[in-house]
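**Student:**
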Amino acid sequence: MKATVYEGNKTFKVIDKEIEQPKTGEVQIKVAYVGVCGTDVHIYHGMMDKRVNIPETIGHEMSGVIEAVGEGVSGFSVGEKVVVRPLDDRKVKASDKGFNHICEELKFIGIDSPGAMQQYWNVPAFTLHKLKENTDLKLAALIEPLSVAAHDVRLSGLVKGETAVVLGGGPIGLLVAMVAKEAGAQVIISEVNPKRIEKAKSLGFDAVSPIDVDLVDYVSGKTEGRKADVVFEVAGVQPALDVMCEVAGIRGRIVMVAIHGVKKEVDLFKFFWKELKLIGARVYEKEDYEKAITLITANELPFEDMITDVQL
1 MKATVYEGNK TFKVIDKEIE QPKTGEVQIK VAYVGVCGTD VHIYHGMMDK
51 RVNIPETIGH EMSGVIEAVG EGVSGFSVGE KVVVRPLDDR KVKASDKGFN
101 HICEELKFIG IDSPGAMQQY WNVPAFTLHK LKENTDLKLA ALIEPLSVAA
151 HDVRLSGLVK GETAVVLGGG PIGLLVAMVA KEAGAQVIIS EVNPKRIEKA
201 KSLGFDAVSP IDVDLVDYVS GKTEGRKADV VFEVAGVQPA LDVMCEVAGI
251 RGRIVMVAIH GVKKEVDLFK FFWKELKLIG ARVYEKEDYE KAITLITANE
301 LPFEDMITDV QL
């Protein structure tokens with residue numbers, strides 16, 4: 001079979017390798033589609049070389065069909081469409097308090113162990129989620145990043161009629177905006193990149209550049225001065241941290257979606273003054289995957305427009 005291997009130094013190579021039969025407790029998937037995550041881009045740039053076991057096959061945004069079932073596996077059959085929730089939590093401890101998706105010794109499949117950029121992929125059966133037979137496997141490759149958005153929106157406590165401001169209109173920001181809009185929120189996207197603003201508008205969102213407008217005034221004008229009930233910080237830059245406390249209204253909730261590798265400044269006085277809440281959000285839980293699967297299966301949101309290119 002063919003497999004793509006990261007060799008370090010911004011180099012990937014397509015190789016031939018033997019197909020391994022699934023071990024006890026594993027399922028073999030014939031991979032249909034694999035998306036490129038921002039993490040995969042970081043790996044390409046060498047930012048995760050201390051973590052990735054080079055040479056390694058990466059990738060985790062995927063969809064496929066069960067090809068073989070290992071010993072001890074029940075509930076799955078050859079030919080079923082599936083996606084993988086790529087979290088290996090087999091070293092969970094009591095101190096993790098049952099939050100397996102953020103347990104101390106969590107391993108991310110496709111980064112810490114071989115991933116989906118190969119024709120056949122063996123994974124632990126407990127990572128699988130079944131899809132309906134009529135599910136479009138191309139769209140199903142979006143389920144993993146969509147689950148991130150579903151997790152973010154769920155933790156925010158967003159309800160119908162509230163206003164959500166999404167800081168950052170990249171792929172995750174747009175998916176967060178979609179899930180928030182589906183929940184019944186008024187959504188405003190703040191983004192500095194003109195192409196991303198154009199993309200957001202083409203998807204039906206109210207999108208503005210904080211370079212061109214005063215974002216706080218803009219949101220105030222859209223909400224009769226109440227400002228945002230929920231702010232999703234997806235940009236990961238200091239200007240977004242500066243404005244998130246300003247654009248949030250009284251008792252607003254701020255969800256930290258972006259990953260900040262170094263300490264940043266945050267105006268804690270605003271948290272005191274307006275009784276704001278800061279919510280950390282990391283990956284997803286089982287129910288978020290099921291929510292994403294439901295949304296993809298219904299296919300009522302513009303998911304097809306999120307796919308920029310397909311290489312077969």
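All residue numbers for the sequence shown refer to UniProt numbering, where the first residue is 1 and numbers rise by one.
Where a beta carbon is used, it is the ideal one built from N, C-alpha and C, also for glycine.
I need the straight-line Cα distance from residue 69 to residue 106, nearest angstrom please.
**Tutor:** If I take the Cα positions, the gap works out to 24 Å.
**Student:** Just to confirm, is the Cβ distance from residue 62 to residue 36 under 8 Å?
**Tutor:** Cβ atoms of residue 62 and residue 36: not closer than 8 Å.
**Student:** For residue 213, count neighbouring Cβ atoms within 10 angstroms of its own Cβ and tell me buried if that reaches 16, exposed if not.
**Tutor:** Its Cβ having fewer than 16 others within 10 Å, residue 213 is exposed.
**Student:** Label residue 144 either buried or exposed according to how many other C-beta atoms from any shown protein chain fall within 10 Å of its C-beta, with 16 as the threshold for buried.
**Tutor:** Residue 144 should be labelled buried.
**Student:** Closest to residue 187 by C-alpha separation, out of 1, 275, 166, would be which residue?
**Tutor:** Closest option to residue 187, Cα to Cα, is 166.
**Student:** Roughly how many angstroms lie between the CA atoms of residue 97 and residue 126, to the nearest whole one?
**Tutor:** Looking at the two C-alpha atoms, the distance is approximately 20 Å.
**Student:** May I ask you to report which of helix, strand or coil DSSP gives residue 45?
**Tutor:** Note: residue 45 maps to coil in three-state DSSP.
**Student:** Using the C-alpha atoms, what's the distance from residue 246 back to residue 78?
**Tutor:** Using only the alpha carbons, I get a separation of about 53 Å.
**Student:** Assuming residue 209 and residue 182 are in contact, meaning their beta carbons sit under 8 Å apart, how far apart are those beta carbons, in whole angstroms?
**Tutor:** Not confirmed; about 25 Å, so no contact.
**Student:** If residue 81 sits next to residue 65, beta carbons under 8 Å apart, how far is it from one beta carbon to the other, in whole angstroms?
**Tutor:** Residue 81 to residue 65, Cβ: 6 Å. Contact.
**Student:** With DSSP collapsed to three states, give me the class of residue 284.
**Tutor:** Coil.
**Student:** Less than 8 Å separating the beta-carbons of residue 176 and residue 153?
**Tutor:** Result yes, Cβ atoms of residue 176 and residue 153 sit closer than 8 Å.
**Student:** Strictly by DSSP, which residues pair up with residue 121?
**Tutor:** DSSP lists 29 as partners of residue 121.
**Student:** Report the partner residues of residue 187 according to the DSSP bridge assignment.
**Tutor:** DSSP lists 164 as partners of residue 187.
**Student:** Which residues in the same chain as residue 205 place their Cβ atom closer than 7 Å to its Cβ, once the five residues preceding and following it in sequence are excluded?
**Tutor:** Once the five neighbours on either side are set aside, the close Cβ partners of residue 205 are 177, 187, 189.
**Student:** Please report the straight-line C-alpha distance between residue 243 and residue 25, rounded to a whole angstrom.
**Tutor:** So the two alpha carbons sit approximately 48 Å from each other.
**Student:** With DSSP collapsed to three states, give me the class of residue 74.
**Tutor:** Three-state DSSP puts residue 74 in coil, outside helix and strand.
**Student:** Please report how far the alpha carbon of residue 194 lies from the alpha carbon of residue 215, in whole angstroms.
**Tutor:** For residue 194 and residue 215, the distance between alpha carbons rounds to 16 Å.
**Student:** Measuring CA to CA, which of 52, 89, 269, 17 is closest to residue 9?
**Tutor:** Minimum Cα distance to residue 9 is reached at 52.
**Student:** Could you check the C-alpha separation between residue 238 and residue 227 for me, to the nearest Å?
**Tutor:** Between residue 238 and residue 227, the C-alpha separation is close to 20 Å.
**Student:** Among the residues of its own chain, which have a CB less than 6 Å from the CB of residue 156, if the five just before and after it don't count?
**Tutor:** The answer, listed in chain order, is 230, 253, 255.
**Student:** Which residue marks the beginning of the alpha helix (DSSP H) containing residue 156, and which one marks its end?
**Tutor:** Residues 143-156.
**Student:** Quick one: Cα of residue 283 to Cα of residue 101, how far?
**Tutor:** Each residue's Cα considered, the two are about 7 Å apart.
**Student:** Within 10 angstroms of its Cβ, does residue 287 collect 16 or more other Cβ (buried), or is it exposed?
**Tutor:** Its Cβ having fewer than 16 others within 10 Å, residue 287 is exposed.
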